[in-house]
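Scroll down for the structure; my scribbles are underneath it.
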Amino acid sequence: MDSFIDVPERLALKGVSRRDFMKFCGMMATVLGLPMSFMPRIAHAIDKRPTVVWLHFAECTGCTESFIRSTYPWAADIILDTIDLAYHETIMAAAGDQAEEILEKTVKDNKGKFICIAEGAIPTKDNGVYGKVHGKTFLEIANHVCKNAMATICVGNCACSGGVQAAKPNPTEAKSVGEAIGIKTVNIEGCPPNADNMVATIVHFLLLGKLPAVDERGRPLFAYGYLIHDNCERRGHFENDEFVKEFGDEGAAKGWCLAKVGCAGPKTYNNCPKIKWNQGTNWPIGAGHPCIGCSEAKFWDEMAPFYVGKI
Amino acid sequence: MARVVVDPIPRIEGHLRIEVEVENGKVKDAWSSGTLFRGLEIILQGRDPRDAHLITQRSCGVCTLVHSMASVRAVEDALKIKIPPNARIVRNLTHAAQNMHDHPVHFYQLCALDWVDVVSALSADPAKTSDLSGAVSGRPGTKKYYEGLKGKLKAFVDSGQLGPFANAYWGHPAYKLPPEANLMAVGHYLDNLRQQVHAAQMTAIWGAKNPHLQGHLPGGVTVTEQLNADFIAKYLFMLKEQVKFIEEVYIPDLLAVASFYKDWAKIGGNKNFLAYGDFPQSDVEPDSFYFPRGVLMNGELKLAKFDAGKITEDVTRAWYEGDKPLHPSVGETKPLSGDKLKGAVPDTQSKDGKYTWLKAPRYDGQPMEVGPLAQCLVSYVGGNKEIKDTVDAVLKKLEVGPEALFSTLGRIAARGIKCLVNAKAAEKWTMDLVENIKKGDTKTFTPYKLDETVNGQGAGLNDVARGSLGHWVNIEKGKIKNYQQVVPSTWNLGPADAKGVKGPIENALIGTPVADPKKPLEVLRTVHSFDPCIACAVHVIDPQTNEVYKFRVS
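Right, here's the structure in full:
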């Protein structure tokens with residue numbers, strides 16, 4: 001595991017200079033609406049809002065939807081005050097040729113300086129003709145845009161590991177962005193990822209001056225370093241052998257452990273039990289539903305069937 | 001004559017390409033293409049039927065939840081499971097909250113920029129904007145507020161980094177709102193971006209999280225210990241806040257904007273409408289549906305009974321094998337691949353050219369518009385008093401007749417009307433839940449057997465944010481043998497059929513004025529009025545789906 005390698009060193013391997021990296025840090029600070037005091041090491045003031053290109057591939061837009069559930073910073077504050085979200089198909093006003101023009105110009109004018117956020121997997125069967133925008137395959141778009149970006153951040157299980165369309169038998173031979181075009185990406189996992197994790201990951205990144213330690217799949221350990229099971233509010237019931245044996249039984253009514261009805265919490269790295277969802281409103285196990293392991297690669301195959309005990 | 005291709009269509013879910021032929025300043029012909037294929041139905045085969053709702057929910061993260069709901073209902077139909085009343089109510093409350101999230105997000109975030117000129121807002125007078133908002137909105141802004149908003153907008157534009165507002169059709173002659181109305185709308189665009197966070201929280205109360213809820217399961221809902229006063233009160237008070245926003249901001253804005261665009265009450269209409277209906281008030285379906293089920297044909301306000309056996313899908317113009325319109329019971333459908341796919345380049349020029357991943361659903365051989373407009377029309381004729389009263393009030397306020405509903409503007413207005421009526425009804429449903437719990441009924445789940453001896457076929461028909469959504473499942477030896485989704489955006493955005501009859505969005509686009517083919521703003525208006533959701537519209541039926549439409553559909 002190479003998670004604690006100094007980031008500039010890691011990026012140097014990819015031909016990115018320390019100076020570029022520092023600019024990237026500054027960008028990320030502003031991406032998340034953080035005061036610059038979070039960035040004591042940044043030498044250069046940012047006079048322009050950093051440019052971000054957000055691409056949609058084979059996906060359901062759930063990650064974008066999750067992102068706009070962010071509060072403090074609110075999505076509007078991020079989009080309008082702190083970054084220059086040059087391209088995002090779900091939000092942007094421009095259409096068709098005018099939208100394509102923006103993408104081309106942004107990549108050309110900001111080569112190596114913009115951040116690419118990728119949502120969705122990339123079908124690769126038949127040269128990727130199963131997914132297109134403006135007549136170009138996702139494969140062509142990713143090769144052009146991601147490879148000209150300073151860094152690509154994958155959001156969601158599809159971009160990070162292929163997602164639902166890559167589940168067996170994977171009819172379109174869908175792959176993660178990193179695998180499809182052969183680049184390393186930061187992977188904010190989940191189906192969708194929690195908006196809070198996008199923020200928390202970067203805060204950690206900025207304070208320590210290096211990428212947060214990541215696991216072998218590029219997931220920040222800060223958010224994905226612990227098993228759901230280890231922080232679960234129902235862990236005590238697990239230790240006491242108090243299990244839901246079938247939905248609707250006494251154990252379900254009493255909020256006992258869901259491990260025997262399929263919970264993937266013991267195999268899944270994520271911080272849902274700590275931060276919960278939607279401003280701390282609830283989370284799957286809190287609603288009496290097993291964890292399905294959505295921040296793990298190939299969970300659609302490896303955690304299924306989802307309602308059959310795994311221990 | 002000019003061919004205009006709009007690809008990508010922004011501010012929708014998914015990947016959509018629209019091509020129109022413009023002659024004498026109007027759309028003469030139109031082609032709608034879904035440009036992404038994912039193959040979820042193939043992935044579902046052989047899996048545990050209980051897992052289907054988790055997989056199908058990933059059809060769409062915008063209209064999240066609804067595919068989960070359709071799926072659990074299909075499996076319950078197949079396994080003959082009756083869910084407890086509390087489960088039914090919790091599902092209705094979650095679904096209602098989803099609509100309260102979805103419809104305002106569509107109005108403000110997805111379609112408003114077709115009608116609201118953000119750049120024009122820069123020349124608004126803040127004092128007059130404050131007066132205007134006082135006159136139309138139940139939540140007026142002060143002069144100081146609008147000064148601040150205008151200043152913020154000006155600083156944004158002066159920065160030269162226009163972000164999501166760059167390169168749009170600002171200044172287009174089809175924009176008709178005065179600068180003050182534009183500034184007010186920009187303010188409410190930002191307000192709803194915040195408000196939607198709370199609407200999503202309402203779904204998370206019962207559904208764990210949003211997007212992609214985890215609280216449903218064939219047999220009922222999983223929430224048990226949280227069925228308590230604390231959570232119910234939380235829902236109820238967030239609901240009151242949401243109803244207030246819909247009444248004080250969304251509906252007044254809708255009426256204010258519509259009053260400047262009444263010419264759009266004559267553009268973009270269809271004649272056939274289908275609504276599956278939804279929100280069961282008991283376990284008698286569909287008779288107890290709050291929004292009724294039915295069909296309207298040929299633009300007549302005459303309700304016909306829905307018969308699921310009349311649904312067919314045509315693949316003549318889609319990238320699937322098969323060249324005749326066939327009833328699915330005898331049909332065979334496979335996605336093209338390799339050389340046969342010819343690079344999936346839309347062929348809109350040849351008579352039978354294939355141009356989309358969407359199939360063409362038909363009812364009794366006819367294309368049908370689905371969605372809030374269809375649901376409002378069917379409810380209006382079908383006797384939902386709240387819908388009738390609200391529709392009549394809106395028509396009166398805008399000084400137009402019922403014919404105005406059959407249009408792009410009618411489609412957008414219907415979405416707001418349905419949202420308001422649905423939100424108000426949810427308050428009563430919440431109290432129904434309270435009454436049940438008071439009586440000591442806390443049951444939320446019906447256990448059932450599911451092993452290799454279990455076989456069954458079922459359908460789950462729902463009417464959700466974007467319209468009529470049907471899932472069909474065939475279970476053999478306890479596993480999914482076949483699974484099929486016929487979703488709202490396939491109905492609305494599907495292609496022409498073998499007879500050359502266009503799909504609803506294509507038909508609606510014909511006749512749309514286009515002032516400047518290089519800036520087809522008017523095309524976006526009609527496209528967005530359907531609230532397209534393309535990721536879930538693209539799907540495939542397996543060759544063995546044979547008996548799918550023989551399923552019992554009550």
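First to last, the sequence lines map onto chains A and B.
Positions 1 to 311 (UniProt numbering) are the ones given, in order, by the first sequence.
Positions 1 to 554 (UniProt numbering) are the ones given, in order, by the second sequence.
Quick reminder that beta carbons are idealized off the backbone N, C-alpha and C, glycines included.
Please read these numbers as outputs of a predicted model, since none were measured by experiment.
For A151/A, no alpha helix (DSSP H) run applies; the uninterrupted beta strand (DSSP E) run containing it begins and ends at 151-155, by DSSP. Residue environment for N24/B: exposed (fewer than 16 other C-beta atoms within 10 angstroms of its C-beta). Taken in chain order, the complete alpha helix (DSSP H) segments of 4 or more residues contained in the region 316-383 of chain B are 338-341, 372-382. When only Cα atoms are considered, Y250/B and V66/B end up about 23 Å apart.
For a Cβ distance threshold of 9 Å, nothing in chain B lies close to H237/A: the least Cβ distance comes to about 12 Å. Taken in chain order, the members of the region 171-193 of chain A whose beta-carbon sits within less than 8 Å of a beta-carbon on chain B are P171, T172, A174, C191, P192. Taking CB atoms only, H172/B has no neighbour in chain A less than 9 Å away. For the 9 Å CB-CB criterion, A74/B and V473/B form a contact.
S468/B sits close to Y276/B, with the two beta carbons spaced by under 9 Å. Excluding the 5 residues flanking it on each side, H101/B has same chain C-beta neighbours closer than 6 Å at Q196, A199, A200, in chain order. When 9 Å is used as the limit between beta carbons, T90/A is near these residues of chain B: P10, R11, I12, E13, V62, Q109, L110, in chain order. D497/B and I183/A have their alpha carbons spaced roughly 43 Å apart. Ranked by Cα distance from D126/A, the options L139/A, E296/A, K48/A are led by L139/A. V119/B and Y130/A have their C-alpha atoms roughly 37 Å apart.
Within 10 angstroms of the beta-carbon of M368/B lie 16 or more other beta-carbons, which makes it buried. Judged by beta-carbon spacing, G494/B lies beyond the 9 Å limit of L341/B, meaning their Cβ atoms are not closer than that value. One alpha carbon belongs to A166/B, the other to V20/B, and they sit about 24 Å apart. Sorting I83/B, K28/B, R17/B, G294/B by C-alpha distance to the C-alpha of T444/B places I83/B at the top. Shown here, W264/B sits in a helix according to DSSP, grouped into three states. For the set G440/B, Y363/B, K418/B, the Cα lying nearest the Cα of T390/B is the one of K418/B. Straight-line measurement puts the Cα of M1/B at about 45 Å from the Cα of S68/B. The region 281-299 of chain B makes no contact with the region 172-188 of chain B; the number of CB pairs closer than 8 Å stays below 3. Listed along chain A are E246, F247, G248, D249, each with a C-beta nearer than 9 Å to that of P447/B.
Against chain A, the beta carbon of G440/B has no neighbour under 9 Å; the closest one sits roughly 13 Å away.
The contact set of A204/B on chain A, defined by CB atoms closer than 8 Å, consists of W277, N278, T281, N282 in chain order.
Chain order gives the chain A residues near F165/B as A93, where near means a beta carbon separation below 7 Å. P169/A has a beta carbon lying within less than 9 Å of a beta carbon in chain B. Membership of N92/B in the alpha helix (DSSP H) is indicated by the continuous run 85-105.
For D51/B, the nearest CB of chain A lies under 9 Å from its own CB, placing it at the interface with that chain. In the DSSP assignment, H88/A falls within the unbroken beta strand (DSSP E) covering 84-88.
Checking the DSSP bridge columns, you'll see Y483/B partnered with V473/B. In this structure, the straight-line span from the alpha carbon of M431/B to that of Q281/B is close to 13 Å.
In the displayed model, Y226/A falls within coil according to three-state DSSP, outside both helix and strand. By the C-beta density criterion, V345/B is exposed, having fewer than 16 other C-beta atoms within 10 angstroms. Taking a C-beta cut-off of 8 Å against chain A, the contacting residues of the region 33-51 of chain B are T35, L36, F37, R38, G39, L40, I42, I43, R47, D48, R50, D51, listed in chain order.
Taking 8 Å as the Cβ-Cβ cut-off, the region 79-108 of chain B has no residue approaching chain A.
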